[in-house]
Each structure stands twice: as C-alpha cells, then as structure tokens.
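Chemist: Taken in order, these protein sequences are the chains called A and B.
Per our numbering, residue 227 is the first one in the first sequence, and the count goes up by one each step.
Per our numbering, residue 199 is the first one in the second sequence, and the count goes up by one each step.
Glycine included, each C-beta is placed from N, C-alpha and C at the ideal position.
Remember, it's a predicted structure, so these values are computed and weren't measured experimentally.
Quick one: structure below, then a few questions.
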Amino acid sequence: MNKTLLIIKREYFSRVKKKSFLIMTFLVPMLIIGMYALIFALSMNGGDNIPTVEVIDESGIFEKAFDDKKAVNFEISELSLTEAKKKVINNEDAFVLYIPKDISIGGSIEMFAQKKAGLSVISTIERELNDQMRIKLLKDAGIDSETLDKIKPNLSVVSKELTVEGEKDSSSGAAMAVGFAAAILIYMSLFIYGIQVMRGIIEEKTSRIVEVVISSVKPFQLMMGKIIGIGLVGLTQFMLWIVLSASLMTLASTILFKDKIEQVKSEMPMNKQMEAVSTNGPGMDIVKAVQTVQWTYILPVFIIFFLGGYMLYSALFAAVGSAVESDTETQQFMLPITLPLLFTYIMSFSFIVNNPDSSLSFWLSIIPFTSPIAMMVRLPFGVPNWELALSIFLLIGGFIFTTWVASRIYRVGILMYGKKVSFKELGKWFMYKE
Amino acid sequence: MLSIRNIVKQYANHRALDNVSIEVEKGSIFGLLGPNGAGKTSLIRIINQITAPDHGEIFLNGEKLNPTHVSTIGYLPEERGLYKKMEIGEQMLYLAQLKGLSKSDATAKIKFWFEKMEIQSWWNKKVEDLSKGMQQKVQFIATVVHNPELIILDEPFSGFDPVNAQLITNEILELNNKGATIIFSTHRMESVEQLCDSIALIHKSKKILDGKVKDIRNLYRNNSYRIAFKGSINTPTNQMFSINNEKIEDGITHLTILIDPKFSVNDLLNFLIPQVQITELSEIIPSMNDIFIQNVKN
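Here it is, written out as structure tokens:
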C-alpha cells in the first residue's frame, strides 16, 4: 500500500508540476470568464455599434416621444423623404424611419436602409412606436397623463419547484445548462485523463522502465497508482477551475454591477435589492440564475460520477496502453471504448434532454458505461434518490469489474514486446494464470 | 542462497522453462547462459517475481520466495529504461523508495553512489539529456542502491563502451567481495570466464549444463595441446597424435594437436625430445565459448 502511495505521488506531482497543467488551470477559467463577459457585454449593449435612426414624422404624433434606447438612437430629421432616401443610398450606416401622415388610420411605417436592420433594432422600434401610439390613443380617449404614468405593470413568472421540504426557487434554464456543462465536462475529461493514463503506460512500456518498477511492486499496484494519481490530477484541475472561476466571476460582477448595486442600495430595503438589480439588466439575470442552481447537490454528484466514470474508463484505457507499443497502434482498441461514450453523448443531447423520465433515459443513467454522462443530463430534471444511489452503486461495481479485467490484460501486456496484438490475443492474456 | 527447483513456465503454445533446477551459492558470481529465446529472461522474471511459475518453487536463503524479498534483490533488465522527463536524482529516489528504502536513507545512498561514479552534477538533469552510456550508469546505480543481497544483471555490458564496461565489472567484483551474490546472463563468454564461479546453460527451455566454470572446462578437455619447437619432426607411425593446425613463424613450428587417449603427454615428450628443441607445451582447455557452441549446436 505504501508503495502504491509512492506511485500515486509520482504520477500526481510529475503532472501537476508541468507547465501545461498550470496553463490549463488558468486558461480555462479565463475562457469561462471571457465568455461570460462577452455574453454580458452583448446583452448590455446589443452589439458594438448602435445605429442611429433618422425619423421623418409627417404625422406629428411621435415628434417628441422618442427616447434613445439601448439598441437604437433616434434623431428627428428635417429632411424630406426623397432627400433622406438619397442619404441612405450614399451612406451604408444610415437608417431612415418614415412615418406617413395617415398613420393614425392604419397606414404602414417604412424603414429604409442599405442593409436589413437587425431583429433587435426592429423590435425596439416597433415596441417604441406601439407604446407611443397606445399612449396617444389612450390620451385621445380621455385618460390623463398622470393616470397613464401609474399604470405600468411589470409582471414576470417565477418558477418554483415543489418538493416535500417546501418550495424552492428554480431556474430550470440555468440548472439545465449546468447539467449539460457537467455532462460535456465528464465526456471530455474521460477522454483527456483516460488518454493520459494510456500514454503514461505506453511511455513506461516503450522506455522499458516498467520492468524495473514491477520488480519492486505488483503490476496491479503500478496500474492503480497511475489511475488514481491521474484521477487526482483531474480532480485538482476541476477544483482549481471552480474556485478560480467562482472568484473571478464574483470579482467581475462586483466591478460591472457596482454602480447599479449602490444605486439600488440607497433606494431600497435589503431584501428587495437582488430582485431589483435583476430587473435592471439581462446580465444580472445570468448572475441570479447561476445563484439558483443547487451547487451543493450538483457538485458532489458531478464529482462522484466523474470519478466513477473515470475509474471505469481509465482502466480500459490502461489495458489498451499495456497492449500496444505506440499511440498509432491504439486505434483498433479505442473503438469499443469510444463507442459507448459517443453513443451516450449523442443520446444525451438528442433524446434524454427531451425525455428525461423515459425508460431509455432511465437505463442509460443506470448502466455504468453510460451513466456518468446520462445522469448529469437527467439531473436538472430531478432524479429520485434511489435511482441516483442505484446508479452510483452500479458504477462502483462497474469500475471494480473493468479494473479487474484490465489488470489481467495489463500484467501480461506490459511485458509483451514486438507482437501485433489482436482482441483474441487480449482474451488469451486475460485467461492466463498468475 | 538461491535454490530454483523444477521450474516450469508454460505460455500458450510454447514452454519457456521445462523443469529447470539451479542452485546458486552464497557469495558467488553465477552466469546464466543460453542462446536468445532459451528462457533466461523468463527465469529471471520468475526470480524477480514479475511472473510466477506454473510449477516448481524458488527458495531464497531457505525461505520460499515472497514479496518481502523484493528489497533484497536488485535487478538490471536487459532492456534498460528510465522515465525520460524525470530528473535523475528524483528518479533514483523514487526507484530506491519502491525497493523499500526510507527517503533519507535513499538520499544518502544515492549521494554515495553518485560520488563514487563521479556523477554528482547529474542530480537535476533529465534522463533524456544523458547519453545512452550515461543512462546505463544511472540504471546500474538504481539496481544496487538498496544494497541487495542478490543482484541479477541481464546482459549488463550491452551498450557500454570498454571503459565503462570495465568500470561496471569492477563495481560488480567489489559488490561481490562485500558479500553480494550475483547472477548475470550474458552472451559474452570471455566475461563469463573472467567473472563467473559457476554457470548454468539453458537451451530450448531446458538446463543442459551447470556447475563450476573450472569443472566444466576440465570436463570438456579433449587432450588437445599446443606445442612449439625448433626443427622438424617425423610423422609418428603409431598414430600417437593428429595435427589440427600448423604454423611456422621465425623458424619455430606451432602445432595444435590432439593426443590419442591411449597415450600420455609424457609419451609425446619422449617422442619429441630426441628430434626437436621444445619451446612450449600447454594443454588447451576449451573456452566457455567453445563449450557453449558445442552444446547449443548438438
């Protein structure tokens, strides 16, 4: 056991000390933050350049009504329609909105530009026009401005999950996103770390160090030491990513929302602050949604399924590594490993997402070879505890099984040189006695 | 010291070792000989508990071989290798600790050996930065760093230049003087004659010859003599000897002859003395190389 620990330590530290590990550790959270910032920036500004729309208002209804919006700046134009049209032909950034005289009796409003305006621009303009029109019509109907100001409803639907313990906030969108992200992360990391195990074994085999090492320890200890060591590297990486991303995100949102939060603070009692801020910008919606995800539930489940899936698949990768002498020979053996993973991945995002409680989804999330990915996709839709427990139990059984099979192939494979190995050969190795 | 009894190792469609029994005396240097594919490496792997035999037992110092013996055996495999990207010092520490040394003990012993081999400056180098010969040196240290009682060297001289081969030979002899038992397998028969006390010859999975080197060479004596003399002789009429080789240099005749078993060396001398002036007479004791070839060919 002591020697296995030595092996684990070597495998772990020799990888963690590598530059590539450090780079990955910092690069990935940066990318996450970068994407987050990009989404935020886009949703705040609606793109990089805000078009200016020249409004030719022959009806006179809208004259003073237009305010600049996030997506559009309005400018009242003194030009005639023909002059404006000429301007459009000469200037590709020019937008001209033409409101005819007879608009109040149902004429159509036209917008001229060299290129088609974006959806958000058009919908902003439509909303603005409709609002103003409604106000005008209401005023015409005899409702005074004061009353109009009072009736500005702002309704939204808050989805609540009903459980035995009580109600809780749920943002199904965010939970789903987190579940999918976890599934993708498991899918990718099974490959990344599994292949590291395989490469490590090929390296030991081709450099022939393996014979020295297994004259000191049992092949099983060497294999397990490697699998556990690399698994811990993966775990360390995830932990660092989570911690770094979370702290960077907190930092970023504090800076971005500082003004708004302070403004709100001065105006509102504490408990309403969050809600108020959330209505203030779409960026804040993301922050709020992220906060509704049950991290304390998803994170441990993610780690269990990552570790279980990793142990199960890396044992198979180890067996492949022991059977070959170079990366190029791994192809034929990789297929049976890649296939179930790829199958689950495709099923997860085409079928399970739409039918999370169907019996196929259930089985995919229970069978050890597919459960690490399938379960993460099902998780946001609510999985009964007994199913989770069964799945974990089978996953543990699954990796004990694959480790057993792999170790029997491994102990023979690492000492075999210069042999073209087939599946039949692997079967023979498996059957060998000690 | 090491008692190998009736070892059988069967692979799917060939028997690597067929009822092999070998005794290795404590403090001896033992040569394990045999052509490629004879089963030497299989046997060495079994002694190292890398694989297990199908039948038979191995005793080390009277105890049945078990995992605790790992720390008393040092093994240098034929195919050498180290972790290429790992620093030498760190790597030595790792391998020594795997053999059961504590970290501080391992550090002290590695430093001792590095000084002895004059390679202290290599501690922080990576293996990939060393030449092949340098790597071999490091690997030799890894083999003996834990003061093993039994050192098993598979083709220890392959890849060494003559200077380093001599260096390693000296180290082997010194370790042997300090009480270590050494088994080595090799194709270089001159090093067998130079170093080994006893040998075992394995051919086609079977042990076909073993014993002390002296005894074996004596056993293979065939009344072959080398003589040199001035002058010329008449051919003996009684078939006393046959000439295998004749060479005349500076007026001296060199002959390699085979004396008929019915006659003795004295009979030969009585025949020669009246005719020529003898400058040399010596018995040709067959070299291990000859014995090896003779056995393997038959």
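DSSP has Asp352 (chain B) in a bridge; who is on the other side?
Modeler: B:Ser383
Chemist: Looking only at its own chain, which residues have a Cβ that is under 6 angstroms from the Cβ of Val647 (chain A), when we skip the five neighbours before and after it?
Modeler: Ala549
Chemist: Beta carbons nearer than 7 angstroms to chain B: which residues of the region 427 to 442 of chain A have them?
Modeler: Only Ser433, Arg434, Ile435, Glu437, Val438, Val439, Ile440, Ser441 and Ser442 from the region 427 to 442 of chain A bring a Cβ to less than 7 angstroms from some Cβ of chain B.
Chemist: Glu444 (chain B) and Leu453 (chain B) - do their beta-carbons sit closer together than 7 angstroms?
Modeler: Cβ atoms of Leu453 (chain B) and Glu444 (chain B): closer than 7 angstroms.
Chemist: Select from the region 474 to 491 of chain B all residues with a C-beta closer than 9 angstroms to any C-beta belonging to chain A, and list them in chain order.
Modeler: Residues: none.
Chemist: Would you kindly work out how many angstroms separate the C-alpha atoms of Ser240 (chain B) and Lys207 (chain B), rounded to a whole number?
Modeler: 8 angstroms
Chemist: Please list, in chain order, the chain B residues whose beta carbon lies closer than 9 angstroms to that of Leu232 (chain A).
Modeler: Tyr292, Gln295 and Leu296
Chemist: Quick one: complete beta strand (DSSP E) runs, 3+ long, within the region 388 to 444 of chain B?
Modeler: 396 to 401, 404 to 410 and 422 to 428
Chemist: State yes or no: is the beta carbon of Ala210 (chain B) nearer than 7 angstroms to at least one beta carbon in chain A?
Modeler: Yes, because at least one Cβ of chain A sits closer than 7 angstroms to the Cβ of Ala210 (chain B).
Chemist: Tell me, please, whether the CB atom of Leu470 (chain B) is closer than 7 angstroms to any CB atom in chain A?
Modeler: No, Leu470 (chain B) lies away from the interface with chain A (no Cβ there is under 7 angstroms from its Cβ).
Chemist: Please confirm if Tyr418 (chain B) has its CB atom under 7 angstroms from at least one CB of chain A.
Modeler: no
Chemist: Taking the alpha-carbon positions, what's the His344 (chain B) to Phe575 (chain A) distance?
Modeler: 56 angstroms
Chemist: Under the DSSP definition of a beta bridge, which residues are partnered with Met337 (chain A)?
Modeler: A:Leu323
Chemist: Excluding sequence positions up to five away, which residues of its chain have a Cβ less than 8 angstroms from the Cβ of Ser356 (chain B)?
Modeler: Glu276
Chemist: If you follow the alpha helix (DSSP H) that Val474 (chain B) is in, where does it begin and where does it stop?
Modeler: Segment: none, Val474 (chain B) is in no alpha helix (DSSP H) and carries neither H nor E.
Chemist: Which same chain residues end up closer than 6 angstroms to Lys460 (chain B) when comparing Cβ atoms and leaving out the 5 residues on each side of it in sequence?
Modeler: If we look at Lys460 (chain B) and ignore the five residues flanking it on each side, it has no Cβ neighbours.
Chemist: Of all Cβ atoms in chain B, is any one closer than 7 angstroms to the Cβ of Lys229 (chain A)?
Modeler: yes
Chemist: To the nearest angstrom, report how far apart Ala339 (chain A) and Glu318 (chain A) are at their CA atoms.
Modeler: Their Cα atoms are separated by approximately 7 angstroms.
Chemist: For Ser633 (chain A), go through chain B and note every residue whose CB falls closer than 8 angstroms to its CB, in chain order.
Modeler: Result: empty, since nearest Cβ-Cβ is about 14 angstroms, beyond 8 angstroms.
Chemist: So what does DSSP say about Asn217 (chain B), is it helix, strand or coil?
Modeler: strand
Chemist: Would you mind sorting Thr350 (chain A) into buried or exposed? The rule is 16 or more other CB atoms within 10 Å of its CB.
Modeler: buried
Chemist: On the three-pair Cβ rule with 8 angstroms, is the region 422 to 433 of chain B touching the region 252 to 262 of chain B?
Modeler: no
Chemist: What does the alpha-carbon distance come out to for the pair Arg434 (chain A) and Thr270 (chain B)?
Modeler: 22 angstroms
Chemist: How would you label Ser441 (chain A), buried or exposed, when you count the other beta carbons within 10 angstroms and need 16 or more for buried?
Modeler: buried
Chemist: Less than 8 angstroms between the CB atoms is what I'm expecting for Ser226 (chain B) and Thr379 (chain B), so what's the real figure, rounded?
Modeler: Between Ser226 (chain B) and Thr379 (chain B) the beta-carbon gap is near 6 angstroms, inside 8 angstroms, which marks them as a contact.
Chemist: State buried or exposed for Ala306 (chain B), treating a residue as buried only when at least 16 other CB atoms are found within 10 Å of its CB.
Modeler: exposed
Chemist: In chain A, which residues lie with their C-beta within 7 angstroms of the C-beta of Pro275 (chain B)?
Modeler: The answer, in chain order, is Arg434, Glu437 and Val438.
Chemist: Residues in the same chain with beta-carbon distance under 7 angstroms from Met315 (chain B), minus the five sequence neighbours each way, listed in chain order, please.
Modeler: Lys335 and Ile339
Chemist: Enumerate in chain order the residues of its own chain whose CB-to-CB distance from Gln422 (chain A) is below 7 angstroms, with the five nearest sequence positions on each side excluded.
Modeler: Ile456
Chemist: Measure the C-alpha to C-alpha separation of Leu590 (chain A) and Ala544 (chain A) and round it to an integer number of angstroms.
Modeler: 24 angstroms
Chemist: With DSSP collapsed to three states, give me the class of Arg360 (chain A).
Modeler: helix
Chemist: If we count the other Cβ atoms within 10 Å of its Cβ and call it buried at 16 or more, is Leu617 (chain A) buried or exposed?
Modeler: In the sequence on display, residue 617 (chain A) carries Ser and not Leu. Counting Cβ neighbours within 10 Å, Ser617 (chain A) comes out buried, since at least 16 surround it.
Chemist: Give the straight-line distance between the Cα atoms of Gly547 (chain A) and Thr628 (chain A), rounded to the nearest whole angstrom.
Modeler: 14 angstroms
Chemist: What distance in whole Å lies between the Cβ atoms of Ser540 (chain A) and Tyr419 (chain A), which are believed to be in contact at a cut-off of 8 angstroms?
Modeler: Their Cβ separation, rounded to whole angstroms, is 6 angstroms, which keeps Tyr419 (chain A) and Ser540 (chain A) in contact under 8 angstroms.
Chemist: Run through the DSSP bridge pairs and tell me what Thr454 (chain B) is partnered with.
Modeler: Beta-bridge partners of Thr454 (chain B) (DSSP): B:Arg424 and B:Asn443.
Chemist: Would you call Asp357 (chain A) buried or exposed, if buried means 16 or more other Cβ atoms sit within 10 Å of its Cβ?
Modeler: Under the 10 Å beta carbon count, Asp357 (chain A) is surrounded by fewer than 16 other beta carbons and is classified as exposed.
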